[in-house]
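Residue numbers (this note's numbering): 2 to 336.
For each residue, glycine too, the CB sits at the ideal point set by N, CA and C.
Notes to accompany the following structure.
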Ligand SMILES: [Zn+2]
């Protein structure tokens, strides 16, 4: 099969054997796979992974083969897959259904081979069948959309939580805007791309801040929030320089939620956080069933979020184009 192999320096298309199924695995013929910020951080050398490795963990495809222990009903089903592979179902975290922290977990496309290939083998318990009204392309948004939902699963909202400032309106930021609105929050969207700010506006974001302009983001968030600061501030930027402003834009006793995995060291003023009694949250992965319901019901729209599409053979061009454009939202690899 054709696969995009990351060798620690670059990604090259190679011909390699189709994966051999292990117990309880299925073989998926990949149809579409999204490039995520995590893939970019790995390809930039900011996150270390075992090499050689096939990257990619946001994908859809068709089940074309199954291990004998797998329910045969999965055959020929159109599916997407969760990322938390190799789960032991017995450790401290698994006993509490926290599979993202399972002690034996291996993440698809990060610890073990992912989806930038014609075929991928995944554990059958990771599968979700796709409804007919979610296309293969749209299905590549399910994993990040689940992560957007998870933001509000890990951080309970109180009666004083009314405003949320979302730093970065890329794919995750724009999904977060929509989930935040569903949760009844008033959203302040911050980005330097007018195109992304316009998309946020179309999704119902009330306040838009272009951080290219001279006035400080903190100052403008204070103006919007009666000088308090936002009740919740979310970072999706992966920009260590943004963190100072993220802390200063949060109201005292507010919540900061970190969503980016950029792999960079980030200086942070802990004193300001302690003095103003700010709580820091973080989360990743999330409930796929909620994401599938959100997309299928039309509550969440990913129309307009696909910036570019490339064939697998052109994956290097796809990564380069992602890095080059500030207006970039999501690139999809069609396989
Ligand atoms: Zn476990």
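Residue 137 is classed as buried because its beta carbon has at least 16 other beta carbons within 10 Å across all chains shown. Residue 311 is bridged by DSSP to 334. Residue pairing by DSSP puts residue 164 in a beta bridge opposite 187. About 25 Å separates the beta carbons of residue 183 and residue 218, which is beyond the 8 Å limit, so they are not a contact pair. Residue burial is scored here from C-beta neighbours: residue 83 has at least 16 other C-beta atoms within 10 angstroms and is therefore classed as buried. Shortest Cα-Cα distance from residue 186 to any of 160, 259, 327 involves 160. Counted as a single uninterrupted DSSP element, the beta strand (DSSP E) harbouring residue 66 occupies residues 59 to 67.
Checking the DSSP bridge columns, you'll see residue 107 partnered with 86. Within the model, the alpha-carbon separation for residue 288 versus residue 64 is close to 21 Å.
Beta-bridge analysis with DSSP links residue 283 to 259. Every residue with a CB closer than 5 Å to a heavy atom of ligand 1 is listed here in chain order: 89, 92, 95, 103. For residue 39, the three-state secondary structure derived from DSSP is helix. Annotation: residue 137 is outside any beta strand (DSSP E); the continuous alpha helix (DSSP H) that includes it extends over 137 to 140. A contact between stretches requires three or more CB pairs, one per stretch, nearer than 8 Å, and the region 49 to 67 meets this requirement with the region 113 to 131. Straight across, the Cα-Cα distance linking residue 165 with residue 17 is about 46 Å. In this structure, the beta-carbon distance from residue 302 to residue 330 does not fall below 9 Å. Assignment of residue 178 by DSSP, reduced to helix, strand and coil, places it in the helix class. Boundaries cannot be given for residue 240, as no beta strand (DSSP E) includes it and DSSP labels it neither H nor E. In the structure shown, residue 154 falls within a helical segment according to DSSP collapsed to helix, strand and coil. Taking C-beta atoms as the reference points, residue 188 and residue 152 fail to come closer than 9 Å. Here the alpha carbon of residue 239 sits roughly 5 Å from the alpha carbon of residue 263.
Annotation: residue 215 is outside any alpha helix (DSSP H) and is labelled neither H nor E by DSSP.
Of the other Cβ atoms in all chains shown, 16 or more fall within 10 Å of the Cβ of residue 248; this residue is therefore buried.
Within its own chain, the residues whose Cβ lies closer than 6 Å to the Cβ of residue 212, once the five positions on either side in sequence are excluded, are 191, 193, 218, listed in chain order. Remark: C-beta atoms of residue 49 and residue 11 do not approach each other more closely than 9 Å. In this structure, DSSP gives residue 318 a helical state, which the three-state scheme calls helix.
Three or more Cβ pairs closer than 8 Å define a contact, and the region 131 to 146 meets that threshold against the region 73 to 81.
Annotated three-state conformation of residue 99 is coil, per DSSP. Annotation: the continuous beta strand (DSSP E) that includes residue 124 extends over 120 to 124. Residue 234 is positioned such that its CB atom lies closer than 9 Å to that of residue 255. Our two residues, residue 22 and residue 69, have alpha carbons roughly 10 Å apart in a direct line. Leaving aside the five residues that flank residue 92 on each side, the residues in its chain whose CB is nearer than 8 Å to its CB run, in chain order, 103, 104, 105. When secondary structure is reduced to three states using DSSP, residue 7 falls in the strand class.
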